[in-house]
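Residue numbers (our numbering): 2 to 333. In this text, a Cβ means the ideal position worked out from N, Cα and C, and glycines have one as well. Computed from a prediction, not measured in an experiment: that's the story for all the values here.
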Amino acid sequence: MPHCITLIPGDGIGPEVADATKRVLAGTGVNIEWDVQHSGLQALEESGDALPDATVESVRANGVALKGPTTTPVGKGHVSANVRLRRALDLYASIRPAKSMPGVVSRYEDLDLVVVRENTEGLYSGQEVQVTDGVVVSIKVVTEAASRRIATAAFEYARKNGRKRVTAVHKANIMKMGDGFFLECVGDIAKGYPEIQYDTAIIDALCMQLVRNPNVFDVMLMENLYGDIISDLCAGLVGGLGVVPGANIGADVAVFEAVHGSAPDIAGQGVANPLGLIKSAVLMLEHIGELSAAERLYSAIEQTMLDPKARTADLGGNATTNDVVDAILEAC
Ligand code: ATP
């Protein structure tokens, strides 16, 4: 029986990296039947909606999706299709591992960090109002239910993956109520996982420590906006946005997508690094129980990165997206 999986190519470099990932997955021999659906600018032009109902329904029906990035206009225009998808499917946990890879040059070696980001509320609640002329308010929402379930997701992830420590990241010295309540909820959940070390870090101090001595961290748990920012920082520590994967997990549905955005500056040139989405596909294979294929694919990626000729421009090389795919397929 094939795995039925929704494929959302997205826009910008999305279709290129989605096609690359499809080719690599075909090379693993895992039987996948793709249900291609649209989201982002192309969907907006074709149907007037950046996230058509059919796309949401397909993901709901299949339970798993692989998604390319979609462009969100800054300061105006349509609401982010990503935020809408996460909300529509209640994809509350964003898991973003940032792990060093052999051959990929970065400031630190042997990094193995994981950001667990709350995906449904915080400052991404979409509740903004103009109170009066010259005054705009953005509301940061913190609920007990969402805080407890993201904390549970982080500790369960730590337990399943043999991680030793969870650090809750906050700014409760300033946002005493909002972040203070988040910490209270997380602290309560932590009591159920005595084998995992639990501590907290103020976000500004964490940023400084991440830049100076990131090896001290393990799993970092945080609300939505902090997670968005810290994921990019962690990506920078292990080689850049082009190489880090992500998983958005809900109770019944999971969507796998790279951390990077649609990178319109390099779209259509065939030079985008496909590793972010390909590594997201490794997480997807693990999720659907194809563990040996996941392992084979990950070691093929690692082997490929040892060859400078298989590195794209963001990693200091000249390889095209297709060159990377060919090299991985050869190593598979
Ligand atoms: P968003 O707001 O949608 O998250 P962003 O503003 O963070 O997007 P990205 O689209 O992620 O920006 O890209 C930032 C820059 O990083 C791009 O301009 C591009 O040069 C580079 N970049 C991102 N992803 C890749 C990739 N897969 N391969 C090569 N370069 C990339």
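In this structure, how does DSSP classify residue i when only helix, strand and coil are distinguished?
i      : result
MET221 : strand
GLU185 : helix
TYR158 : helix
LEU90  : coil
LYS172 : coil
ILE250 : strand
ASP200 : strand
LEU112 : coil
GLY135 : coil
ARG61  : helix
LEU67  : strand
ILE14  : coil
GLY28  : helix
On the DSSP bridge assignment, give the partners of residue i in chain order.
i      : result
GLU5   : According to the sequence displayed, residue 5 carries Cys and not Glu. According to DSSP, which records beta bridges pairwise, CYS5 is partnered with GLU34.
THR72  : THR72 is not bridged to any residue.
ILE96  : VAL117, ALA248
ALA255 : VAL65, ILE250
VAL142 : GLY123
Which word fits residue i, buried or exposed, when buried means at least 16 other C-beta atoms lie within 10 angstroms of its C-beta?
i      : result
GLU258 : buried
MET2   : exposed
GLY76  : exposed
GLY188 : exposed
MET221 : buried
THR168 : buried
LEU307 : exposed
ALA98  : Note that residue 98 is Pro in the sequence shown here, rather than Ala. Its Cβ being crowded by 16 or more others within 10 Å, PRO98 is buried.
ALA27  : exposed
VAL116 : buried
VAL80  : exposed
May I ask whether a heavy atom of ligand 1 can be found less than 7 Å away from the beta carbon of residue i?
i      : result
ALA273 : yes
HIS261 : yes
ASP327 : no
THR313 : yes
ILE302 : no
VAL18  : yes
ALA264 : yes
ILE267 : yes
*Give, in chain order, every unbroken run of the alpha helix (DSSP H) that is at least 4 residues long and sits entirely within the segment 263 to 302.*
276 to 288
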